[in-house]
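**Q**
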Amino acid sequence: AAHLQLSQSSIRSYMRQGKLRAFRVAGLRKVLIPRAELLKLLEPTVGVSENGSNA
Numbered sequence: 003a004a005h006l007q008l009s010q011s012s013i014r015s016y017m018r019q020g021k022l023r024a025f026r027v028a029g030l031r032k033v034l035i036p037r038a039e040l041l042k043l044l045e046p047t048v049g050v051s052e053n054g055s056n057a
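Here our numbering = 1-based position in the sequence shown + 2.
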């Protein structure tokens with residue numbers, strides 16, 4: 003979370019919403035997030051503005 007400059011609650015929220023795929027490690031209180039998932043989260047998204055043009 004600190005590496006991404008996000009709070010832990012934001013990371014958990016992304017996981018619950020399906021925006022970030024993660025895996026729990028059996029027997030440990032750890033969650034592993036694949037590097038590809040982190041990179042996907044950091045990619046800028048192209049949105050559409052209110053007038054319908056690309057942002």
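Just so you know, even glycine gets a beta-carbon here, dropped at the ideal spot from N, CA and C.
(1) Assuming Ala24 contacts Leu8 under a Cβ cut-off of 8 Å, what Cβ separation, rounded to an integer in Å, is found between them?
(2) In angstroms, rounded to a whole number, what distance separates the CA positions of Glu39 and Gly29?
(3) Can you tell me whether Leu22 is buried or exposed? The criterion is at least 16 other CB atoms within 10 Å of its CB, across all chains shown.
(4) For a test of your reading of the model: does the CB of Val27 fall under 8 Å from any non-hydrogen atom of the ligand GTP? Yes or no.
**A** Looking at the atomic coordinates:
(1) By one-based count along the sequence shown, residue 24 stands at place 22. By one-based count along the sequence shown, residue 8 stands at place 6. About 13 Å separates the beta carbon of Ala24 from that of Leu8, a gap too long to meet the 8 Å contact definition.
(2) In the sequence shown, the residue the question calls residue 39 occupies position 37. In the sequence shown, the residue the question calls residue 29 occupies position 27. Here the C-alpha atom of Glu39 lies approximately 23 Å from the C-alpha atom of Gly29.
(3) For the purposes of this step, residue 22 is taken as the residue at position 20 of the sequence shown. Buried.
(4) The ligand content of the structure shown is nil, which means the ligand GTP is not present either.
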